[in-house]
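Undergrad: So in the numbering used here the end of the sequence shown lands on 330, straight run, no missing numbers.
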Amino acid sequence: MTPNDLVVTPKGVRFQKKLYPCSIGKGHIRTDKHEGDGATPRGILRIVGMLYRPDRIPQPVPWAEPIGPRDLWSDAPTDAHYNIHVQAPYSHSHEALRRADPLYDLVILTNWNWPNAIPHKGSAIFIHQWRRPGYPTEGCIAFRRDHLHQIAGHITKKTRLIVK
């Protein structure tokens with residue numbers, strides 16, 4: 167582990183010598199993650215991208231990509247596009263990346279079950295804004311808005327998300 171890794175601990179996420187409160191999945195941390203369990207997968211994940219809402223926030227880092235009105239994430243285990251960024255119209259199960267609420271104004275992408283997804287092993291594990299302190303996610307890691315933006319400005323594609 168390095169100070170530039172995001173390390174999930176029972177007290178929050180340790181990053182660059184600071185501890186940030188966070189929310190994890192409603193299914194807690196599991197080693198046997200599968201689609202729909204609401205769990206955060208135990209393991210070492212890599213940062214593979216960052217998305218942001220250009221109509222709401224400035225580009226957080228030069229490598230962040232804008233979220234447009236047609237951007238979706240496939241969570242359809244039986245579809246060939248399972249666990250990848252897709253565009254509307256898309257007839258299979260998916261999650262909208264452009265939301266009315268601010269949860270996905272800034273999204274850090276991990277390599278959970280990506281790029282060669284195994285059906286039913288679970289779709290995207292994002293790092294995003296929380297609803298409120300302690301409110302669980304569907305498996306993602308979530309932070310207070312200002313903490314998420316602080317972290318996003320200092321991570322690189324070499325940063326790892328370590329979930330113990």
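C-beta: ideal position from N, C-alpha, C; glycine also.
For the segment 286-298 against the segment 235-243, are there 3 or more C-beta pairs whose distance is under 8 angstroms?
TA: Touching, per the Cβ criterion.
Undergrad: Could you tell me how far apart the beta carbons of R264 and R219 are, in whole angstroms, since I believe they sit closer than 8 angstroms?
TA: 7 angstroms
Undergrad: Which residue or residues does DSSP assign as beta-bridge partners of D237?
TA: Q253
Undergrad: According to DSSP, simplified to helix, strand and coil, what is A246?
TA: coil
Undergrad: Taking just the CA atoms, how far does T168 sit from G209?
TA: 15 angstroms
Undergrad: Report the start-end ranges of each beta strand (DSSP E) in the segment 299-329 that is 3 residues or longer and not cut off at the edges.
TA: 307-309, 326-329
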